[in-house]
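> Let me begin by handing over the structure; questions about it come next.
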Amino acid sequence: MTKLSLKSKVDFIFIIIIGIFAILVYSTRNQSQLARDSRMIVHHTSSINTVLEKILSSTIDLETGSRGYTITGNENYLEVYNQGHKNLEIWLDSLRAMNELNRGQVLKLDTLERLIESKKQISALTIKTRKESGMDAAAAITKAGRGKEIMDSIRKSVAAYQNQSVKLLSANLNQSEVHVKSRNWNFTLFAICTFAILFFAYLQIRKNTERLILEKIIQTNLMTELTVQNQQLNDFANITIHDLRSPAGNITSLVATMEQDSTLEEYKVIFSMLRKVAQNLNESLNQLIEVLHLKKNKIIQQELLVFQDCYSRTIESLQGEILKSNALIKADFSQINSIMYSKIYLESIFQNLISNALKYRDPNRRPEITIHTEITKQTILLHVSDNGLGIDMSKNGSKLFGMKQIFHNHPEAKGIGLFIVKTQIENMKGRISVQS
């Protein structure tokens, strides 16, 4: 049997390594394409949810205009009604274009369009009756309750549509995780094969093992980086769901406060609050989409923010819970009134801390929340305190900012609010502490 020369052995090993590398590159390209496809689906699903929120907001405008005109006869409300009618046509066309290839979603859209068309007809009939026969005749149509039934059905239909979209989004995020794990496996397989070949080469040509150790370290770092990226993707999904749940719940709470015998002024106040919450929810969706791009570019955009403005937007978003709990909230930003920060981060921090204080309030006393700023040694401090249930720091202090850590039996407890706040603050090179 002919023995291979040292040069032939080296060439043979080199060819094997090149072959394995080519297979790895081919596999990685395929996985990257699948990951890009998943990102496109994630963006598509987010766009659908945005349009659904706009459809619901426009339907509320339609309802607001119709009821406002019925009660007051003021034709300014007809402008709100007409704008809502116009916007509904635009957003329904957009939603249909987004789902033209999805038969299941098209069927849901058909149902939603029929409900909205029924709502348009009842609203138009109410306005026509108000013009021709007066407020009593128009009010009789409203009291019949058909319009409310259809509005409730529209909300349920939108919620079902959104739930399906969220399921699709979750499935694609899981698929992205599978792709990352697959790439990790490819790199691991490449590491094992390379190690075996280099070890064989070491035995054959008596070379130093430092190269093997170095390659192993490099591959370990790659695997660690991929794991961190995957965790960031999961964290972003949790932040999106958590930050959108609170405004949606406040819309429901405000709508629930409307009664048939409510006064005109009560309707005006509630409709004004609903409009602000809906606008804030829409802006939050747009900001979250921007954050997705920022995460991709690893850039956190900062701007000069006024604490009072961010605080006011949060209070508007939480009006439903504030009214429900009869909470007293005091804010003082006189010591330092502005900061260079990420807008979505600061508003999310306010949202999470205040909503947590409302959620975990002491049932035996009126909730009181105090917020103020302070500057010490060129460091800006934001203090938030409340008279709620508190936390046993000796028992739970080490777990306080962990993901899905729950310390009170509350039906809405999700265990990610403080985790989100800590992550955002640390991303901005800050720190957070708690006393209880």
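First residue of the sequence shown? That's 1 in UniProt numbering, and the numbers climb one at a time after it.
Glycine included, each C-beta is placed from N, C-alpha and C at the ideal position.
1. Per DSSP, which one or two residues make a beta bridge with THR376?
2. Which full runs of the alpha helix (DSSP H) of 4+ residues lie inside the segment 84-139, going along the chain?
3. According to the neighbour-count rule (16 or more other Cβ atoms, all chains shown, within 10 Å of its Cβ), is ARG211 buried or exposed?
4. Anyone know if the C-beta pair for GLY147 and LYS119 falls short of 9 Å?
5. For GLN351, count neighbouring Cβ atoms within 10 angstroms of its own Cβ and tell me buried if that reaches 16, exposed if not.
6. Between the C-alpha atoms of ILE71 and ILE391, what's the straight-line distance to the nearest angstrom?
7. Can you tell me the Cα-Cα spacing of HIS372 and ALA159, whole angstroms?
8. Tell me the DSSP bridge mates of LYS330?
9. Can you tell me whether VAL384 is helix, strand or coil according to DSSP?
10. Considering only their Cβ atoms, is the gap separating GLN319 from LYS359 smaller than 9 Å?
11. Relative to the ligand MG, is the shortest distance from any of its heavy atoms to the C-beta of ARG29 smaller than 8 Å?
12. Under the rule that 16 or more other beta-carbon atoms within 10 Å means buried, what is GLU75, buried or exposed?
13. For the pair the segment 255-272 and the segment 38-50, tell me if three or more CB-CB distances fall below 8 Å.
14. In whole angstroms, what separates the C-alpha of SER355 from that of ILE425?
15. Can you find the residues in the same chain that come closer than 6 Å, C-beta to C-beta, to GLU374, ignoring five residues on each side of it along the sequence?
16. Below 8 Å on the Cβ atoms is my contact criterion, and I expect LEU92 with GLU63 to pass it. Report the Cβ-Cβ distance as a whole number of Å.
17. Measure the CB-CB distance between ILE197 and ILE23 and report whether it falls below 9 Å.
18. Can you give the Cα-Cα distance for THR331 and SER170, rounded to whole angstroms?
19. Taking only runs of the alpha helix (DSSP H) that begin and end inside the segment 16-79, which ones reach a length of at least 4 residues, in chain order?
20. Among all the DSSP beta bridges, which residues are the ones paired with TYR161?
21. In whole angstroms, give me the CA-to-CA distance for ALA278 and ILE339.
22. State yes or no: is the C-beta of LEU56 within less than 9 Å of the C-beta of LEU95?
Concretely, from the data shown:
1. The beta-bridge partner set that DSSP reports for THR376 consists of THR379.
2. DSSP runs (the alpha helix (DSSP H)) wholly in the segment 84-139: 103-133.
3. ARG211 counts as exposed, since fewer than 16 other C-beta atoms from the protein chains shown sit within 10 angstroms of its C-beta.
4. For GLY147 and LYS119, yes; Cβs fall inside 9 Å.
5. Looking at its Cβ environment, which holds 16 or more other Cβ atoms inside 10 Å, GLN351 is buried.
6. Straight through space, the alpha carbons of ILE391 and ILE71 are spaced by roughly 49 Å.
7. Roughly 37 Å between the two C-alpha positions.
8. In DSSP, LYS330 forms a bridge with THR370.
9. In the structure shown, the three-state DSSP call for VAL384 is strand.
10. Not in contact: LYS359 and GLN319 (Cβ atoms no closer than 9 Å).
11. Inclusion of the ligand MG in the displayed structure is not the case, the ligand content being empty and no account of it being possible.
12. By the neighbour-count criterion, in which a residue is buried when 16 or more other Cβ atoms sit within 10 angstroms of its Cβ, GLU75 is exposed.
13. Because the criterion of three Cβ pairs below 8 Å is not met, the segment 255-272 and the segment 38-50 do not touch.
14. Their Cα atoms are separated by approximately 17 Å.
15. Excluding sequence neighbours, GLU374 sits near GLN335 and LEU381.
16. About 16 Å; that fails the 8 Å criterion.
17. Not closer than 9 Å, so no.
18. Checking the displayed sequence, the identity of residue 331 turns out to be Ala instead of Thr. Straight-line Cα distance between these residues: approximately 38 Å.
19. Taken in chain order, the segment 16-79 contains no complete alpha helix (DSSP H) segment of 4 residues or longer.
20. Partner(s): none; TYR161 has no beta bridge.
21. If you take the alpha carbons of ALA278 and ILE339, they lie about 27 Å apart.
22. It is not a contact, given that the beta carbons lie outside the stated cut-off.
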